[in-house]
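Enquirer: Counting along the sequence shown from 1, when you hit position 12 you're at 12 in UniProt numbering, and nothing is skipped either side.
Where is the CB? At the ideal position from N, CA and C, for every residue including glycine.
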Amino acid sequence: MARIEEVAALERWKAQRLAQKLDADIQQLKVALSELDTVQPKKTTYTKKANVFFLEKRDVIVQTKKRELRDNEKKRHDVGLELRESSTTT
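1) Do you know how far the Cα of Asn51 is from the Cα of Thr44?
2) When we look at the beta-carbon of Val31 and count the other beta-carbons within 10 Å, is it buried (16 or more) or exposed?
3) Can you have a look at Val60 and say buried or exposed, based on whether 16 or more other CB atoms are within 10 angstroms of its CB?
4) How is Val52 classed by DSSP in three states: helix, strand or coil?
5) Under a three-way DSSP split, which group does Thr88 fall into?
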């Protein structure tokens, strides 16, 4: 019986760590979008992909960051539901 509780506690801990990482990523994306708001719409800006910098238009970067933000917020919501379910079953 103790083994089952250990597994449940480990899974809950992993979910909490994932939630913390997603929260940090979401905050970082929000800051990036706020900074991109100060850049003129047609101006090209450097973006980093796989340790290489590329010039891209601001609009393209904003669309990419918004898509990443939506995906991360959806994942965070799912992890939050998983944590809620695990706390009610314990």
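Expert: Taking the geometry as given:
1) As a working note, residue 44 is residue 44 in the sequence shown. As a working note, residue 51 is residue 51 in the sequence shown. About 19 Å.
2) By 1-based counting over the sequence shown, the position of residue 31 is 31. It is exposed - the Cβ of Val31 has fewer than 16 other Cβ atoms within 10 Å.
3) Indexing the sequence shown from 1 puts residue 60 at position 60. Of the other Cβ atoms in all chains shown, fewer than 16 fall within 10 Å of the Cβ of Val60; this residue is therefore exposed.
4) Along the sequence shown, read from residue 1 onward, the residue named residue 52 stands at position 52. Strand at Val52.
5) Along the sequence shown, read from residue 1 onward, the residue named residue 88 stands at position 88. Helix.
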